[in-house]
Amino acid sequence: MRRVWTVVILLFLSLLPLFAKGEVFFSNIVNASYLTDFAMGAFPVSFWGEFGIDHIDLFQDLNSKVVVRVEAGMAQRTLRQDPSTGALITDHNPGADENYSVVFSYGTVGFEQGIVDGGESNADFLTANVSLGMRWEQAFASLSHIQQGNMNGVFGSDYFNGGERKDYPGTPELSGNLYSLATSLNFGLDFRNLDDHYIHPDGYNFSISGTIAPWWLFNDKLAFINSGTRIDYYRLLYSATWKYTAYELGKGDMNLFSIVMDFRLNCQFLFGSDVPRYAYSVRFRGNEIPPRSFITDVNVSLILNGPEFFTVGTYPQLYIFVENAISAGRVLNSIDATETVKMYGSVGARLQLNILGVFRAYIGVYYDYLPMEGYSGGFDMDLGAYFSAFF
Numbered sequence: 000m001r002r003v004w005t006v007v008i009l010l011f012l013s014l015l016p017l018f019a020k021g022e023v024f025f026s027n028i029v030n031a032s033y034l035t036d037f038a039m040g041a042f043p044v045s046f047w048g049e050f051g052i053d054h055i056d057l058f059q060d061l062n063s064k065v066v067v068r069v070e071a072g073m074a075q076r077t078l079r080q081d082p083s084t085g086a087l088i089t090d091h092n093p094g095a096d097e098n099y100s101v102v103f104s105y106g107t108v109g110f111e112q113g114i115v116d117g118g119e120s121n122a123d124f125l126t127a128n129v130s131l132g133m134r135w136e137q138a139f140a141s142l143s144h145i146q147q148g149n150m151n152g153v154f155g156s157d158y159f160n161g162g163e164r165k166d167y168p169g170t171p172e173l174s175g176n177l178y179s180l181a182t183s184l185n186f187g188l189d190f191r192n193l194d195d196h197y198i199h200p201d202g203y204n205f206s207i208s209g210t211i212a213p214w215w216l217f218n219d220k221l222a223f224i225n226s227g228t229r230i231d232y233y234r235l236l237y238s239a240t241w242k243y244t245a246y247e248l249g250k251g252d253m254n255l256f257s258i259v260m261d262f263r264l265n266c267q268f269l270f271g272s273d274v275p276r277y278a279y280s281v282r283f284r285g286n287e288i289p290p291r292s293f294i295t296d297v298n299v300s301l302i303l304n305g306p307e308f309f310t311v312g313t314y315p316q317l318y319i320f321v322e323n324a325i326s327a328g329r330v331l332n333s334i335d336a337t338e339t340v341k342m343y344g345s346v347g348a349r350l351q352l353n354i355l356g357v358f359r360a361y362i363g364v365y366y367d368y369l370p371m372e373g374y375s376g377g378f379d380m381d382l383g384a385y386f387s388a389f390f
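Numbering-wise (numbering that gives the first Met the number 0), the sequence shown opens with residue 0 and increments by one.
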């Protein structure tokens, strides 16, 4: 993998003279993922960054950009399917006994081109993008298992035949030595018409993106680039966001109170013979939805902001929401080809304290009136804190 990325970087550097009129940029954010068994889930354990050349201006008044994005760190997952059969695990609430950790890196090299001008001082309204990506993962026991001296964790359980390493159709990325390396082609269209101010947002965004990562794109375990496992999937994502500030009251630079309506829609079509967990993109109330071919999640929230105190960016928020989701089709990676349709629903509220725009603490109360498989439903609550920073 190191050799592959060396070639990619050298290729990127070789193109620099072609874009002499552009501007080099770099940005990164630290908040990509958290572990519930590390620092109480409050400290990020991964990050992403991007750099490239902006404002190449291949077309007048439309931005052209070469972008390299890199994401790396750790993630925590819960075993949701039987590795041997792919059947959903539904006889318990997913918990610490089925948790495991993943260390990963993901990078893309791509090009973005504005198609419709967004006006003076605004980003292009319509942008197209295409990129080549590569993702590497290595799974291991959760930190809580390791602290208990159980170095195999869930991988030593009956689910995995006591730690025996072999091919598992239900969890293809955990076959062999729990190692996965896959390449993909990505493309998309983004419509941007949203002023996403943290206090008084207004407007809408929507996007559609596709990813193809077939076995023949060097993703077969017999291919020279992949000595770990086999990956084969095709994904189409659609997302839409609409925000409207119904009322706002301020004093100077400080916000006293605002009421915001927030609508979010996420839709996923996912197919393939060996679909990895990281390809599951749509979630319900922050939890992974049982993986079927078609998934849609809709969240409608009423958000009460303010008042800001001490300094700009420090204020409480109250979210009141209704969320519904649908999961339809056959269960991915399962030997059972039966097609089913499942509905999920939840209502709740969350009180969150934002501090300087980089630290958030929250407590939430929920009622799942249509719980997902593997969850008991009814009333639930959670609390936590997390840190994020953008540079």
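For glycine and all other residues, C-beta sits at the position ideal for the given N, C-alpha and C.
Quick caveat: nothing in here was measured; it's all calculated off a predicted structure.
Of the listed residues the options, nearest to residue i (C-alpha basis)
i: L184; options: A239, T107, G249 and N160; result: T107
i: P315; options: F268, A138 and S257; result: S257
i: N98; options: M150, S280, E111 and M133; result: M150
i: L61; options: T182, N298, D219 and T126; result: T126
i: F58; options: G109, D96 and D116; result: D116
i: Y167; options: N204, P82 and W214; result: P82
i: M182; options: I354, Y279 and N218; result: The residue asked about is misnamed: residue 182 is Thr in this sequence, not Met. Checked all of I354, Y279 and N218; the closest Cα to T182 is N218.
i: T210; options: F293, L131, S45 and G85; result: L131
i: D56; options: V44, R79 and G113; result: G113
i: G344; options: G363, A327, G376 and D194; result: G376
i: S104; options: E70, E111 and L188; result: E70
i: R359; options: L382, G347, N176 and V340; result: L382
i: V346; options: F320, L331 and D296; result: F320
i: I230; options: D261, G271 and G202; result: G271
i: F78; options: M260, Q146, E287 and T244; result: Residue 78 is actually Leu in this sequence, not Phe. Measuring from the Cα of L78, the nearest candidate turns out to be E287.
i: K242; options: S45, I198 and P289; result: I198
i: A384; options: I294, A222 and G363; result: G363
i: F50; options: G285, G202, R68 and M253; result: R68
i: S45; options: H54, D96 and S100; result: S100
i: S208; options: D195, K220, H196 and D189; result: D189
Contacting residues, own chain, Cβ-Cβ under 6 Å from residue i (five flanking each side not counted)
i: Y318; result: S300, I302 and R349
i: M342; result: I325 and L369
i: S238; result: S206 and N265
i: Y399; result: Nothing in the structure corresponds to residue 399, since the chain is present only between 0 and 390.
i: L177; result: A138
i: N204; result: R191, L193 and T240
i: R134; result: Y105 and A181
i: Y366; result: V346 and F378
Beta-carbon contacts of residue i that lie in its chain and below 8 Å, excluding the five residues immediately before and after
i: T89; result: E372 and G373
i: G161; result: G155
i: Y246; result: F256, S257 and I258
i: D335; result: T84, G85, A86 and R329
i: F110; result: S63, K64, V65, V66, N128, V129 and S130
i: T295; result: L264, N265, C266, Q267, V281, A324 and I325
Coil, strand or helix - residue i by DSSP
i: P370; result: coil
i: E307; result: coil
i: I145; result: helix
i: N160; result: helix
i: D96; result: helix
i: G251; result: coil
i: F124; result: coil
i: Y277; result: helix
i: V357; result: coil
i: L317; result: strand
i: L352; result: strand
i: L173; result: helix
i: A71; result: strand
i: G383; result: strand
Contact set for residue i: own chain, Cβ-Cβ below 7 Å, skip 5 residues either direction
i: G337; result: The displayed chain sequence assigns Thr, not Gly, to residue 337. Only R329 meet the Cβ criterion.
i: L255; result: L248, G249, G305 and P306
i: R291; result: S326, A327, G328, R329, V330 and L331
Within-9 Å CB hit, residue i to chain B
i: M371; result: Within the model displayed, chain B is absent; a lone protein chain is all it includes.
Contact test: residue i Cβ vs the ligand NAP heavy atom, cutoff 8 Å
i: W215; result: Among the ligands in the structure shown, none appear at all, so the ligand NAP cannot be discussed.
Give the list of continuous beta strand (DSSP E) stretches no shorter than 3 residues that lie fully inside the stretch 42-68. 45-53
Contact the stretch 268-280 vs the stretch 169-182: 3+ CB pairs below 8 Å: yes
For the stretch 179-242, list the beta strand (DSSP E) runs that are entirely contained and at least 3 residues long, ordered along the chain. 201-212
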